[in-house]
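A.B. asks: As you go down the protein sequences, you meet chains A and B in turn.
For the first sequence, the working numbering gives the first residue as 19, with consecutive numbering after it.
For the second sequence, the working numbering gives the first residue as 109, with consecutive numbering after it.
Ideal Cβ placement from N, Cα and C applies to all residues, glycine included.
A quick note: this is a predicted structure, and the numbers were derived from the prediction, not measured.
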Amino acid sequence: DAGVTQSPTHLIKTRGQQVTLRCSPKSGHDTVSWYQQALGQGPQFIFQYYEEEERQRGNFPDRFSGHQFPNYSSELNVNALLLGDSALYLCASSLERLAGIFNEQFFGPGTRLTVL
Amino acid sequence: AQSVTQPDIHITVSEGASLELRCNYSYGATPYLFWYVQSPGQGLQLLLKYFSGDTLVQGIKGFEAEFKRSQSSFNLRKPSVHWSDAAEYFCAVGYNNDMRFGAGTRLTVKP
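1) Please say whether A125(B) and S181(B) have beta carbons closer to each other than 9 angstroms?
2) Say yes only if the C-beta of L129(B) is nearer than 8 angstroms to one or more non-hydrogen atoms of the ligand FAD, and no if none qualify.
3) Hey, N121(A) and T49(A): beta-carbon distance below 9 angstroms or not?
4) Pick out whichever of R33(A), L113(A), N97(A) has its Cα sitting closest to the Cα of Q66(A).
5) Which first and last residues belong to the beta strand (DSSP E) in which E114(A) is found?
6) Which stretch, first to last residue, makes up the beta strand (DSSP E) that contains S83(A)?
7) Buried or exposed: R208(B), going by 16 or more other Cβ atoms within 10 Å of its Cβ?
8) So, at 8 angstroms on beta carbons, what are the nonlocal neighbours of A20(A) in its own chain, with the 5 sequence-adjacent residues on each side left out?
9) I need the straight-line Cα distance from N89(A) to G136(B), nearest angstrom please.
10) Out of G34(A), A56(A), E69(A), S51(A), which has the shortest C-alpha to C-alpha gap to A100(A)?
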């Protein structure tokens, strides 16, 4: 049973460019969350997708957007990259059991984005 | 405001010594609690979790944690640290749909 997978592993971009990161959830999971982990900090919640819609969002600008596909995989897009967007981007998947409660999340290995 | 606090940014212990990493949370109700470990350049590995029931939770690699509702704490412990335990440790809280992480505690192990 494959866990959460992310691609690419590493990515280097320059300021102003756009980037797309990809995530495949753990088999059977239907919900995908994205987190940004800057160097020396804990992960911060970006947003969560369920039923192909953004359900919840953290304190991130509109430059950060996402998508969820019918097969539950997800993309994170970042436009107009800034130096400060350099971070490890983590994807986590979960199975929606009951609304309003926390459903345990399983994390992927992350994509390391470097913005020059 | 909801928050997770790890008071110790960096801890150094000698190999074989005991370890306790502190975590305090501020939430309206009892949340779901987690400890993760992260080696340099790696993703997050779950050490243990608390959802309900017995407040002393056993995890992998010989770690355990105790949930204390009265203190809003979920401290991580290990009786004897190994050199391979050197890493960054994150406490996290799951509440509603997202997880909130502490800033992490970096553990250095002296020979």
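C.D. replies: Here's the rundown:
1) Here residue 181(B) refers to the residue found at position 73 of the second sequence. Here residue 125(B) refers to the residue found at position 17 of the second sequence. For S181(B) and A125(B), no; Cβs fall outside 9 angstroms.
2) Annotation note on the ligand FAD: not contained in the displayed structure, which lists no ligands.
3) Taking the first residue of the first sequence as 1, we reach residue 121(A) at position 103. Taking the first residue of the first sequence as 1, we reach residue 49(A) at position 31. Yes.
4) Within the first sequence, numbered from 1, the residue matching residue 66(A) stands at position 48. Of the listed residues, the one whose Cα sits closest to Q66(A) is L113(A).
5) Here the question's residue 114(A) lines up with position 96 in the first sequence. Counting along the chain, E114(A) falls outside any beta strand (DSSP E), and DSSP gives it neither H nor E.
6) Reading the first sequence from its first residue, position 65 is the one you call residue 83(A). Segment 82-86, the beta strand (DSSP E) holding S83(A).
7) Residue 208(B) sits at position 100 when you count from the first residue of the second sequence. Looking at its Cβ environment, which holds 16 or more other Cβ atoms inside 10 Å, R208(B) is buried.
8) Stepping through the first sequence from its first residue, residue 20(A) is reached at position 2. Excluding positions up to five away in sequence, the list reads S42, K44, S45.
9) For this step, residue 89(A) is matched to residue 71 along the first sequence. For this step, residue 136(B) is matched to residue 28 along the second sequence. So the alpha carbons of these two residues sit roughly 35 angstroms apart.
10) Counting from 1 along the first sequence, the entry for residue 100(A) is found at position 82. Note that residue 100(A) is Leu in the sequence shown here, rather than Ala. Of the listed residues, the one whose Cα sits closest to L100(A) is G34(A).
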